[in-house]
Each structure stands twice: as C-alpha cells, then as structure tokens.
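Residues 0 to 128 in numbering that gives the first Met the number 0 are what the sequence shown spells out, letter by letter.
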Amino acid sequence: MCISFVKISGRTSNVVKHTVWVYKISDAYSTGSSIMPQKRNADAAELIRAKTGRINGNLVCLLTVLKALPLSYSKDLQEDKECLFDTADNLMLMLKTMTGMFAGMSINKEQMKEAAGAGFSTATDWQIG
Numbered sequence: 000m001c002i003s004f005v006k007i008s009g010r011t012s013n014v015v016k017h018t019v020w021v022y023k024i025s026d027a028y029s030t031g032s033s034i035m036p037q038k039r040n041a042d043a044a045e046l047i048r049a050k051t052g053r054i055n056g057n058l059v060c061l062l063t064v065l066k067a068l069p070l071s072y073s074k075d076l077q078e079d080k081e082c083l084f085d086t087a088d089n090l091m092l093m094l095k096t097m098t099g100m101f102a103g104m105s106i107n108k109e110q111m112k113e114a115a116g117a118g119f120s121t122a123t124d125w126q127i128g
C-alpha cells in the first residue's frame, strides 16, 4: 500500500504543479485563492500528496511492532490494527477522490503543445552535448 501512496503522491504533485496552465480541476476538488480569486488551488491533490507522509509513518509503526516478536503469538500484534486500518481507509478515500478529480479535469492541450515545442524537452541533450 505504501508504494501505491508514493505513486499516487507523484501524480498529484504533477497536478498541483501544472494546475495553473495545463490542468483545470473542477470546483468540487479545488478552492479559490485568497490572494487571487480567479486562481483555483488544487486542494484535493495537495491533501492526497500530504497523506503519503502519514502512511509512511504507519509503515514504520508496523515494522516497529514486528521488530522483535518471538515465533509464537504475542499481544504485540494488537497494535498493528490501528496502523493497518488507517492505511486501508486512507487508500480507499484517496482512490475515490482521485477518480472524481481526474474525471472532472480538463486539459489544455494547446498549452501543453506550446510548452513541448519551447525547447525544454531537449534540455538534457543540451547538457550532455
């Protein structure tokens, strides 16, 4: 599950970064900027991105509970449920939110095409050559 969160976090990070000029997120998943009312902030994507830290913390919690268990049952295992269920609940919430966010998203293809032709796509060739 942690790997899923890391991958999802990367996707939402791209959405946050490019919301201004490439992606338009529906109002249900964004809020207006306090400084620039015409600008929409990708709140849902930002919150999804932030959840990855919590989920990685849950992984550390589980690993710490398991670190010195004997080969038989131990009451220590009662401590794994909270971390595990929190992670599962958050994964389901994230997937539901992302599904809605991407379904209502529009993409400015002209802006993407213009950016691709601006020469940035060959920046690594310039550095190597």
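For glycine and all other residues, C-beta sits at the position ideal for the given N, C-alpha and C. Just so it is clear, the structure is predicted and the values come from calculations on it, not from any experiment.
Check, Outcome
"Is DSSP giving T30 helix, strand or coil here?", "strand"
"Under 7 Å: does the beta carbon of L68 sit that close to some heavy atom of the ligand PLP?", "In the structure on display, the ligand PLP does not appear, and there are no ligands present to speak of."
"What number of angstroms, rounded off, separates the C-alpha of K16 from the C-alpha of A43?", "13 Å"
"Pull up the CB-CB distance for I24 and T30, whole angstroms please, since I reckon it's below 8 Å.", "About 10 Å; that fails the 8 Å criterion."
"So, with DSSP's three-state summary, where would you put S105?", "strand"
"Determine the direct distance from the alpha carbon of D88 to that of T96, and round the result to whole angstroms.", "12 Å"
"At what residues does the alpha helix (DSSP H) containing D42 begin and finish?", "D42 to L65"
"Give me the Cβ distance between G103 and A27, rounded to the nearest whole Å; I'm assuming they're in contact under 8 Å.", "7 Å"
"Please list, in chain order, all residues of the same chain as C60 whose beta carbon is under 7 Å from its beta carbon, the five residues on each side excluded.", "C82"
"Whole angstroms are fine: how far does the CA of A115 sit from the CA of G128?", "With a pLDDT of 48 at G128, under the threshold of 50, the modelled position of that residue is not reliable, and the figure given next carries that caveat. If you take the alpha carbons of G128 and A115, they lie about 20 Å apart."
"Checking the sheet assignment: what are the DSSP bridge partners for Y72?", "BP columns for Y72 are empty, so no partner."
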